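2 protein chains.
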Amino acid sequence: MSASPLLAQLIEALRCLPGVGSKSAQRMAYHLLERDREGGLRLSAALAEAVEKVGHCESCRDFSETPVCAICASASRERGLLCAIESPADRLAIETATGYRGLYFVLQGRLSPLDGIGPKELGLDKLAARLAQGEVRELIIATNPTVEGEATAHYLAQLARQAGVTPSRLAHGLPLGGELEYVDRGTLAHAFGSRSEIPS
Amino acid sequence: MSASPLLAQLIEALRCLPGVGSKSAQRMAYHLLERDREGGLRLSAALAEAVEKVGHCESCRDFSETPVCAICASASRERGLLCAIESPADRLAIETATGYRGLYFVLQGRLSPLDGIGPKELGLDKLAARLAQGEVRELIIATNPTVEGEATAHYLAQLARQAGVTPSRLAHGLPLGGELEYVDRGTLAHAFGSRSEIPS
Numbered sequence: 001m002s003a004s005p006l007l008a009q010l011i012e013a014l015r016c017l018p019g020v021g022s023k024s025a026q027r028m029a030y031h032l033l034e035r036d037r038e039g040g041l042r043l044s045a046a047l048a049e050a051v052e053k054v055g056h057c058e059s060c061r062d063f064s065e066t067p068v069c070a071i072c073a074s075a076s077r078e079r080g081l082l083c084a085i086e087s088p089a090d091r092l093a094i095e096t097a098t099g100y101r102g103l104y105f106v107l108q109g110r111l112s113p114l115d116g117i118g119p120k121e122l123g124l125d126k127l128a129a130r131l132a133q134g135e136v137r138e139l140i141i142a143t144n145p146t147v148e149g150e151a152t153a154h155y156l157a158q159l160a161r162q163a164g165v166t167p168s169r170l171a172h173g174l175p176l177g178g179e180l181e182y183v184d185r186g187t188l189a190h191a192f193g194s195r196s197e198i199p200s
Numbered sequence: 001m002s003a004s005p006l007l008a009q010l011i012e013a014l015r016c017l018p019g020v021g022s023k024s025a026q027r028m029a030y031h032l033l034e035r036d037r038e039g040g041l042r043l044s045a046a047l048a049e050a051v052e053k054v055g056h057c058e059s060c061r062d063f064s065e066t067p068v069c070a071i072c073a074s075a076s077r078e079r080g081l082l083c084a085i086e087s088p089a090d091r092l093a094i095e096t097a098t099g100y101r102g103l104y105f106v107l108q109g110r111l112s113p114l115d116g117i118g119p120k121e122l123g124l125d126k127l128a129a130r131l132a133q134g135e136v137r138e139l140i141i142a143t144n145p146t147v148e149g150e151a152t153a154h155y156l157a158q159l160a161r162q163a164g165v166t167p168s169r170l171a172h173g174l175p176l177g178g179e180l181e182y183v184d185r186g187t188l189a190h191a192f193g194s195r196s197e198i199p200s
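Listed in order, the protein sequences are those of chains A and B.
Residue numbering for the first sequence follows UniProt numbering, beginning at 1 and increasing consecutively.
Residue numbering for the second sequence follows UniProt numbering, beginning at 1 and increasing consecutively.
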């Protein structure tokens with residue numbers, strides 16, 4: 001029993017965060033009330049504003065508070081390259097790690113018929129229409145290398161070919177800095193089979 | 001670079017939670033926006049309400065949105081027993097694990113002269129006044145078994161004796177279900193020295 005119903009309500013509400021159980025929620029609530037009430041207020045306002053205003057970009061389906069997101073609206077991005085990814089977090093990872101200057105299309109999921117997620121849920125009708133416009137010349141398929149991700153990639157490649165767009169896929173192989181001994185068998189077999197000649 | 005400034009603001013605000021770095025904050029923000037906008041709104045409201053309304057109980061210094069908290073106001077608690085603890089989380093732990101039916105006094109910290117935390121910051125003047133009233137007959141000192149906690153316990157015990165109140169301390173020894181081999185030396189030495197005869 002907590003001495004304060006409002007505190008109990010806050011602890012319960014914090015549990016909607018992923019990876020936060022009752023113990024962490026309790027620690028967070030105490031921390032905010034004891035040491036960072038200002039941060040708590042800021043978080044409350046940021047949450048309300050984001051939930052209310054952040055929707056999806058009409059063009060790439062990424063999160064955006066404007067109809068078209070900053071990247072899609074940017075004049076400095078190469079419009080002939082389109083990279084299909086599963087989630088907004090993947091976009092952030094690619095933007096941080098690579099020098100990619102093209103555009104994105106965020107599927108917000110992957111094909112998973114058992115969960116009722118088909119081409120329509122991923123906005124693939126929208127993607128097909130966009131590919132048909134002729135502006136895109138290469139569709140870089142960057143879905144995750146899982147079974148469902150591979151199935152989605154296969155579907156996307158067909159979609160691209162139908163529209164006369166070149167589909168491409170991220171390279172698979174040994175991770176940099178990894179050791180052969182600790183790499184999983186599937187990856188090792190793939191890397192072995194896809195070995196390339198060393199240019200002289 | 002995030003496609004949405006509001007999203008970036010939310011990720012930054014989430015970092016005020018203890019144990020949440022930029023990666024977790026990002027995951028939390030995406031989760032809330034993708035799958036649980038309702039939970040996000042609930043959390044926002046609960047945070048704002050708690051930060052605004054939850055203060056400290058006049059009697060025990062625990063969190064409370066009323067001047068006197070539910071436990072201190074309860075007629076069914078034994079008013080002769082007072083348990084001094086460092087934080088509200090400790091009260092929750094004692095309430096959950098034990099059948100204690102007395103009252104609490106939350107120090108909201110421990111004596112730590114180097115950090116500028118003296119008797120006044122812990123409300124010990126208030127505690128002394130309460131002990132002097134004569135209602136309390138035993139002060140159960142449940143500070144943590146750390147150096148600072150022990151120093152605080154020593155100070156509290158003196159305070160109790162001055163007011164003619166019996167001070168008591170939680171037992172130290174082997175944790176239940178622990179193994180001798182893995183218990184730290186200090187605890188083992190203490191448990192060995194404080195061994196008790198097995199009643200026949």
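Cβ atoms here follow ideal geometry from the backbone N, Cα and C, with glycine treated the same way.
Quick caveat, the model's predicted, so the values are computed rather than measured.
For R42/B, the neighbours in chain A by C-beta distance under 8 Å run, in chain order, A13 and C16. At a cut-off of 7 Å between C-beta atoms, V68/B does not count as an interface residue with respect to chain A.
Under the three-state reduction of DSSP output, V106/B falls in the strand class.
Using a CB distance cut-off of 7 Å, A8/A does not count as an interface residue toward chain B. At a cut-off of 7 Å between beta-carbon atoms, V106/B makes no contact with chain A. Using a Cβ distance threshold of 7 Å, A191/B and L174/B count as a contacting pair. Per DSSP, the unbroken alpha helix (DSSP H) holding I71/B starts and ends at A70 to A73. According to DSSP, I11/A shares a beta bridge with no other residue. Within chain B, V51 have C-beta atoms less than 8 Å from the C-beta of R37/A, given in sequence order. For L124/A, the closest C-alpha among the options G186/A, F105/A and E138/A is that of F105/A. Interface criterion not met: the Cβ of L81/A is under 7 Å from no Cβ in chain B. Residues of chain A whose Cβ lies closer than 9 Å to the Cβ of A48/B are, in chain order, G40, L41, S44, A45 and A48. With fewer than three CB-CB distances shorter than 8 Å, the region 42-51 of chain A does not count as touching the region 74-82 of chain B.
Under the Cβ criterion of 7 Å, L33/A is counted among the residues facing chain B.
Between G19/A and L32/A, the C-beta spacing is not below 7 Å. Under the 8 Å Cβ criterion, the region 90-98 of chain B does not count as touching the region 110-119 of chain B, having fewer than three qualifying pairs. Here DSSP, grouped into helix, strand and coil, assigns P167/A to strand.
DSSP places A50/B within a helical segment (H, G or I) once states are collapsed to three.
For V54/A, the residues of chain B that pass the 7 Å Cβ criterion are S4, L6, L7 and L33, in the order they occur in the chain. The alpha-carbon separation between K126/B and L159/B amounts to approximately 11 Å. DSSP lists L81/B and T166/B as the bridge partner or partners of E138/B. Taking one beta carbon from each stretch, the region 139-147 of chain A and the region 79-89 of chain A have 3 or more pairs nearer than 8 Å; the two touch. Closer than 7 Å to the CB of E181/A there is not a single CB belonging to chain B.
For Y30/A, the enclosing alpha helix (DSSP H) covers residues S22 to R35. Below the 9 Å Cβ cutoff, chain A contributes no neighbours of A171/B, its closest Cβ being approximately 24 Å away. A Cβ-Cβ contact shorter than 7 Å links M28/A with L14/A. Looking at the DSSP output, F63/A shares a beta bridge with H56/A. Per DSSP, I198/A has no beta-bridge partner at all. Of the candidates A153/B, G178/B and G164/B, the residue whose Cα lies closest to the Cα of R137/B is G164/B. In this structure E58/A touches V68/A by the C-beta definition: roughly 6 Å separates them, less than 8 Å. For a Cβ distance threshold of 9 Å, residue set S4, P5, L6 and L7 of chain B lies close to E65/A, ordered along the chain.
Note on geometry: alpha-carbon atoms of G178/B and S194/A lie some 53 Å from one another.
Contact of Y30/B with chain A is assigned, a C-beta pair being separated by under 7 Å. For S112/B, DSSP records a beta bridge to I117/B. The beta carbons of K53/A and L82/B sit no closer together than 7 Å. The alpha-carbon separation between L10/A and D62/A amounts to approximately 30 Å.
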